[in-house]
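Worksheet for the structure shown next.
Residue numbers (mature numbering (1 follows the signal peptide of the UniProt record, and there is no 0)): -22 to -1, 1 to 805.
This is how it looks when you write it as structure tokens:
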């Protein structure tokens, strides 16, 4: 009998060693976890034990984290508000079925709150990361007495629910840490709010500060990037007992979480094994328009507008004085009031659906039935389909004002808003319109003729008084025999004409201090006109390789172009031997000064770079498809993309551009112009250029923006490939994220980055016919659809790094600089 206590002690010692070695995944009333020990899920994905937020902190917490990654990142914390102040804490299961954390004085600092008592309780860390308490005698292992998934902290992991139990009223939501070293509940919370129709939203204290919008069957209406993909699948579950959102892992080898940071930024984070760090896949508040109710009722936010807030069509600012001073909180009102009788609905497209906390929905109604219900209720202000899949189904309607609307273009939805009969054109008939037109047309013609007469008088008077003269000037008689151009060299153009004295005075006699750039055309100086307007003056130098042909070409092309993403030409000067172009002044200068500079590149986070990529794409699409003449730029590169005060990109330098009419899309020339590293293979080698030549240049530019590296200056210790070759190699090996500029790690959204790299590779494919046109590029960048696999890129070869020259089989000459070049003997 004396050996029995010894055997009992040996038995418990073996159990203890088994647990400490990480093989056991349960603790019972006879077991415990001391500080320094852990339990591990059976598949060794998750680990549970004690940790300190910082190495220097004396506070100890019980938490759960991923075992397979080197950086301890807790996904759940037990004693958030009651740390153990030394390493004497013990976590154990007591006979009543509770899990308790006690300190060195055996005082309980934290415990579970199960109200059920069982005889044989056991605590277990599941493979999902859920820490549960259950009855070991219960044949159903999923009958939990308590589970950590019911009490999430700042992190949502796969299979965890975010939402509300409609029977008990119990809600599961995320709460930020107070700070990076204090896991106590902070002021930000993230909810799947079931009020009205369910939507994800974030609160700071009691106030909503961000709203992802209602679930539309595919995604949250206001989170277009948050869709099912190759890594995760999302879903909203609604029934009579509960409403909740959750996600599951499609690729279980990828470690990813949704975490709300102490500053309120909610991010989907992915662990990258190669770099041993977390990267941001996407964030909730990607831009200013994600701020809740920024533009008030019936105001719509668009980051591409200036200002970002505009009233919906048929609406006007409620308080114009405040609105004009960028206080949009009061929102907008209808220009014509509704009166319930005779009202109708206007459709507004491409928007993030309004706040649905004052809404009603039906999953079975058709859209026509939804309209009828809304029309009968004078408080109903709008309606739409509940589910956008398969052509749309269900009914969602809003009671009260519509708030928190933003423009989402292709990923937005349609909504029908209540309007007065006069606004929807229900009054009147075609006969009445014809009578009105017959009376108004002669009157309109008379007013136009009167206006032209007055305008002519004012024009002549202004011409005598103003040194900046608007005139119709002919630059004819010039032809370039080296170019196979078929364009009319005697084309007239209208442009404000500056005199030499005005520009000399504005630029301080073209002083060195005013010089802001230099290119193949000549130097560029900043100037200030007498009225205070800042301009950029591009002056043709006597030694320039470009001459009257390029000067006239740029004027003819850009004078007729008006687009947000094209630089604006204000006028020109042709006096004596001087030839100058006067542009709008863009204070942030050119893109290359940022992405290729170690210090300045940090100023361009991923949202800014992605907006720049999209802006360049829209500018090129306008040139290729939407302008009066089809324009091929032929020299698109980082230094020819200028940035305004808001970092909006503007394509510049149209001296090498070619214009076409009708259905022409390209030509063949003996005069090859452009910059090596950006020129497409068919153009550099054979002199064949087309809109697909610009697409190739755009693709190179996209990869440079993502990587922060120049295509031709790229150097890697493991090979001698250029940037295109390096990207192609990473793509084939599934390691695209290694291309990303280190300055983007904290701000990039992985889905957008991967899509941008993929689109860049599609644009630089060897065969021009394989490259997408720019309208397709814009669609691919802004949607989450499946992209075609890219083929082998052009100019993907080994090179001599010492000479910084490509070893092209064609022996095409090369230069290490990136100024625009001209060759006259292309094949």
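All C-beta atoms in this analysis are idealised placements derived from N, C-alpha and C, irrespective of residue type, glycine included.
In this text the structure is predicted, and so the values were computed from the model without any measurement.
Which same chain residues, not among the five before or five after residue 223, have their C-beta less than 8 Å away from its C-beta?
139, 140, 141, 170, 176, 178, 193, 212, 213, 214 and 215
Please tell me whether residue 727 and residue 261 are closer than 8 Å, where the distance is taken between their beta carbons.
yes
Within the continuous beta strand (DSSP E) that includes residue 373, where are the two ends?
373 to 377
Thinking residue 200 and residue 189 are a contact (beta carbons under 8 Å), I'd like their distance in whole angstroms, please.
6 Å
Can you give me the Cβ contacts of residue 167 inside the same chain, cut-off strictly under 6 Å, excluding the 5 residues immediately before and after it?
151, 153 and 181
Near residue 358, what residues of its chain come up, given a Cβ to Cβ distance below 8 Å and the 5 sequence neighbours on each side ignored?
351, 352, 375, 376, 377 and 396
Please report the residue range of the beta strand (DSSP E) in which residue 295 lies.
293 to 295
So the candidates are 42, 300, 347 and 356; which of them puts its Cα closest to the Cα of residue 317?
356
Is residue 230 helix, strand or coil by DSSP?
coil
Could you tell me whether the Cβ of residue 398 comes closer than 8 Å to any Cβ of chain C?
Structure shown: chain C not included; a single protein chain is present.
Sorted by chain position, which residues of the same chain lie with C-beta nearer than 6 Å to residue 221's C-beta, five sequence neighbours on each side aside?
141, 142, 172 and 176
Have a look at residue 85 and residue 184 and give me their C-alpha separation to the nearest angstrom.
34 Å
With three or more beta-carbon pairs closer than 8 Å as the criterion, would you say the segment 615 to 632 touches the segment 535 to 551?
yes
Nonlocal neighbours in the same chain, by C-beta distance under 8 Å from residue 299, ignoring five residues either side
none
For residue 543, which residues from the same chain have a beta carbon less than 8 Å from its beta carbon, with the 5 sequence-adjacent residues on both sides left out?
593, 594, 596, 597, 600, 626, 627, 628 and 629
Across which residues does DSSP place residue 149 in a beta bridge pair?
142
For residue 73 and residue 98, what's the separation of their Cα atoms in angstroms?
8 Å
Just the Cα atoms here: how many angstroms apart are residue 711 and residue 604?
38 Å
Does the Cβ-Cβ distance between residue 574 and residue 659 come in under 8 Å?
no
Report buried or exposed for residue 104, applying the criterion of at least 16 other Cβ atoms within 10 angstroms of its Cβ.
buried
With 16 other CB atoms within 10 Å as the buried threshold, where does residue 202 fall?
buried
Look up residue 223 in the DSSP assignment and give the residues it is bridged to.
140 and 214
Considering only their Cβ atoms, is the gap separating residue 381 from residue 505 smaller than 8 Å?
no
Just curious, the beta strand (DSSP E) that residue 572 is in, first and last residue?
From DSSP, residue 572 is part of no beta strand (DSSP E) but of the alpha helix (DSSP H) over 570 to 573.
Residue 306 and residue 272 closer than 8 Å at C-beta:
yes
When burial is assigned at 16 or more other CB atoms within 10 Å of the CB, is residue 362 buried or exposed?
buried
By a C-beta neighbour count over all protein chains shown, 10 Å radius and 16 as the cutoff for buried, is residue 191 buried or exposed?
buried
Buried versus exposed call for residue 367 [16 or more other C-beta atoms within 10 Å across all chains shown]
exposed
Can you give me the C-alpha to C-alpha distance between residue 43 and residue 134, rounded to a whole angstrom?
12 Å
Specify the secondary structure class of residue 659 as computed by DSSP and reduced to three states.
helix
Residue 666, enclosing beta strand (DSSP E) - first and last residue
666 to 668
At which residue ranges does the segment 547 to 589 contain complete beta strand (DSSP E) runs of 3 or more residues, listed in the order of the chain?
547 to 553 and 556 to 562
Identify every run of the alpha helix (DSSP H) within the segment 264 to 323, keeping only runs that are complete inside it and at least 4 residues long; order them along the chain.
298 to 301
Tell me which same chain residues have a C-beta within less than 6 Å of the C-beta of residue 283, skipping the five on either side of it?
none
With DSSP as the reference, label residue 442 as helix, strand or coil.
Residue placement at residue 442 cannot be trusted, given a pLDDT of 45 that sits under 50; the coordinates are not used to answer.
Would you call the CB atoms of residue 765 and residue 758 closer than 8 Å?
yes
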